[in-house]
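According to numbering that gives the first Met the number 0, the sequence shown is numbered sequentially starting from 0. For reference, the structure discussed in these notes is given below.
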Amino acid sequence: MDETGGECFYRDKWYEVECAENVLVDILSRLPIKSILVCKSVCKHWRRLISSQVFIDMQLLWSRKNSFYIVYPFMDVMMELFFVKNSGEIAKRMNFPYCDNFSPIAIICSFDGLLCCINYPWKVESGRIFDDETDLEIRICNPITRKALLIPRGSPSKEKPSIGVVFGPNINEYKIFRFFSPKRIPLAKHRCRVSRLQCEVYSSISGFWSVIGRVPYCPMRSSHSPLGSNHVFVNGKTHWFIASDEDPMIPGLILTVDIEETFGTINLPADVTEHSYLVDLKGCLSLVAVYDEDEIMNIWTLEDENEPEWELKCSDNVPFSNDECVEFVVARENDIFVITSNHYYIFDSDHRVWTELELSNIFETHSPVAFTYTESLLYCKSFTYPLHLSGLDPRAIYDINVVAASFAGGGRIDPMMEYISERSM
């Protein structure tokens with residue numbers, strides 16, 4: 000076979016691969032996310048394919064097998080995201096340029112490549128600008144696609160609201176639960192002098208807030224995490240601590256809610272401490288409690304929330320002194336990532352081995368938080384495609400829905416994320 004004939008042969012074979020889109024999807028979806036984004040520029044066919052929901056779902060399935068940690072120094076004005084491997088190696092970093100329109104932004108959860116970010120809006124009184132701590136701006140972001148959705152403002156509150164996110168069984172489906180104290184109007188002051196805690200829910204499907212009404216419990220605020228990022232999503236439910244009646248700094252119960260807006264509570268083991276954290280350990284709701292006086296860390300797991308019997312998975316001495324404060328804890332598979340005021344550790348809960356990461360000089364004292372992270376191409380909002388648009392390019396449908404959502408008050412695409420720059424370490 001001559002050279003020209005060989006080229007024609009391989010070109011014909013590759014054409015057959017491209018025509019069999021399921022094969023092409025399977026090949027391209029296994030590439031690193033950075034390579035996939037480059038592939039979108041190859042041709043219109045590939046761009047349409049990579050933008051399709053089928054490809055996005057397939058890529059997510061592969062990416063879930065290669066998750067890592069995302070570390071965010073909250074008090075750093077550069078607003079950098081660090082992607083950290085189990086070894087402590089920083090794989091890459093992304094810069095969020097400081098914007099004059101935002102107070103410092105906190106990340107409160109991560110799921111399938113989407114981040115929920117919150118910050119206090121600014122307000123002006125008597126010619127002075129300061130943070131309005133009775134409200135929160137909420138964004139759902141995908142740092143890989145450089146897109147963010149600014150969620151509409153919730154109901155006015157006279158106290159600092161609490162936030163939690165529940166993710167549904169469908170791709171891009173989520174609900175944001177906002178606990179707040181409604182501001183009473185003057186005519187109602189004589190009827191009720193006690194603040195009534197209420198909850199409202201934002202749905203990614205509808206794009207609107209709906210008020211549930213009064214709730215018996217309020218999530219406990221975290222004294223160690225910026226803006227109170229103290230909840231975890233496990234097995235279809237979001238979980239918060241509820242403060243004990245005896246000591247508001249120590250958890251007394253766990254508050255749960257699912258995508259159907261069904262609330263519940265779970266009892267805790269007897270020996271919880273102020274330094275207690277809820278984590279997702281191998282798909283199980285787990286509790287990590289650090290005891291300062293004994294310098295011991297206990298890990299409890301709950302196999303079945305319907306039969307809440309906590310099991311002590313392991314207990315181990317911590318490699319740091321009781322002079323250090325535990326700032327944040329997150330889990331990935333069987334590993335526990337522990338951030339103290341001076342050090343960073345990975346604890347292998349199966350083999351009870353501590354590994355110190357060389358990250359202290361990078362983050363210094365910027366109150367970092369960490370989450371498990373999976374790179375994805377997910378949109379920040381769920382979209383229901385009208386039947387008469389079903390034949391359009393998914394990108395065109397996406398743009399149409401963005402415009403419709405903006406006019407309907409269902410949130411707007413935030414230009415902040417268009418300026419993310421990525422660089423390799």
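Each residue gets a CB set at the ideal place from its N, CA and C atoms; glycine is no exception.
Those residues which DSSP pairs with residue i across a bridge
i: glutamate 79; result: Asn94
i: cysteine 198; result: Phe178 and Gly212
i: serine 109; result: Leu114
For residue i, the first and last residue of its enclosing beta strand (DSSP E)
i: lysine 428; result: The chain is shown from 0 up to 424; residue 428 falls before or after that span and cannot be answered.
i: cysteine 115; result: 113-118
i: aspartate 322; result: Element bounds for aspartate 322: n/a, residue is neither H nor E.
i: isoleucine 338; result: 334-339
i: tyrosine 71; result: 67-72
i: glycine 163; result: 161-166
i: histidine 274; result: Looking at the DSSP string, histidine 274 is not in any beta strand (DSSP E), and its letter there is neither H nor E.
i: aspartate 315; result: 310-316
i: aspartate 291; result: Here aspartate 291 belongs to no beta strand (DSSP E), and DSSP marks it neither H nor E.
i: lysine 146; result: 146-149
i: leucine 252; result: 250-257
i: phenylalanine 346; result: 343-347
i: leucine 358; result: Note, leucine 358: premise wrong, no beta strand (DSSP E); not H, not E.
i: valine 368; result: 367-372
i: isoleucine 431; result: This structure cannot settle anything about residue 431, because the visible part of the chain is limited to 0 through 424.
i: asparagine 266; result: 262-266
Buried or exposed (CB count within 10 angstroms, at least 16 for buried), residue i
i: cysteine 98; result: For cysteine 98, the predicted structure reports a pLDDT of 49, less than 50, and the residue's modelled location is therefore unreliable. A value from the coordinates is still provided. Per the 10 Å Cβ criterion, exposed.
i: leucine 311; result: exposed
i: threonine 261; result: exposed
i: valine 37; result: exposed
i: glutamate 357; result: exposed
i: isoleucine 128; result: exposed
i: leucine 301; result: buried
i: glutamate 136; result: buried
i: serine 28; result: buried
i: proline 160; result: buried
i: glutamate 245; result: exposed
i: lysine 33; result: exposed
i: asparagine 316; result: exposed
i: isoleucine 104; result: buried
i: methionine 78; result: buried
i: isoleucine 26; result: exposed
i: proline 218; result: buried
i: alanine 147; result: buried
i: proline 215; result: exposed
i: alanine 288; result: buried
i: aspartate 398; result: With a pLDDT of 39 at aspartate 398, under the threshold of 50, the modelled position of this residue cannot be trusted, and the question is left open.
i: proline 414; result: The predicted position of proline 414 is uncertain, since its pLDDT is 44 and thus under 50; a value taken from the coordinates is nonetheless stated next. Burial call: exposed.
i: leucine 254; result: buried
i: serine 109; result: buried
i: leucine 60; result: exposed
i: valine 337; result: buried
i: glycine 126; result: exposed
i: valine 83; result: buried
Whether residue i touches residue j by CB criterion (9 Å)
i: arginine 220; j: cysteine 198; result: no
i: isoleucine 265; j: leucine 252; result: yes
i: histidine 238; j: leucine 284; result: yes
i: cysteine 379; j: isoleucine 139; result: yes
i: serine 180; j: serine 156; result: yes
i: threonine 373; j: alanine 330; result: no
i: valine 24; j: leucine 48; result: yes
i: glycine 235; j: valine 165; result: yes
i: isoleucine 295; j: leucine 286; result: no
i: leucine 377; j: asparagine 85; result: no
i: lysine 39; j: serine 51; result: no
i: cysteine 438; j: isoleucine 55; result: No answer is possible for residue 438: the residues shown for the chain start at 0 and end at 424.
i: valine 368; j: phenylalanine 327; result: yes
i: methionine 93; j: leucine 113; result: no
i: valine 233; j: glycine 282; result: yes
i: serine 62; j: serine 275; result: no
i: serine 359; j: asparagine 333; result: no
i: tyrosine 290; j: aspartate 322; result: no
i: proline 168; j: isoleucine 258; result: yes
i: proline 151; j: phenylalanine 207; result: yes
Unbroken alpha helix (DSSP H) run spanning residue i, endpoints
i: leucine 135; result: That residue, leucine 135, is in no alpha helix (DSSP H); it is neither H nor E in DSSP.
i: lysine 33; result: 32-38
i: leucine 59; result: 52-62
i: asparagine 21; result: 20-27
Presumed contact (8 Å Cβ cut-off) between residue i and residue j, rounded CB distance
i: serine 205; j: glutamate 172; result: Actually they do not touch by this definition, with Cβ atoms about 11 Å apart.
i: isoleucine 345; j: threonine 354; result: 5 Å
i: threonine 272; j: isoleucine 241; result: The Cβ separation is near 15 Å, so there is no contact.
i: tryptophan 121; j: aspartate 131; result: 7 Å
i: isoleucine 335; j: serine 348; result: 6 Å
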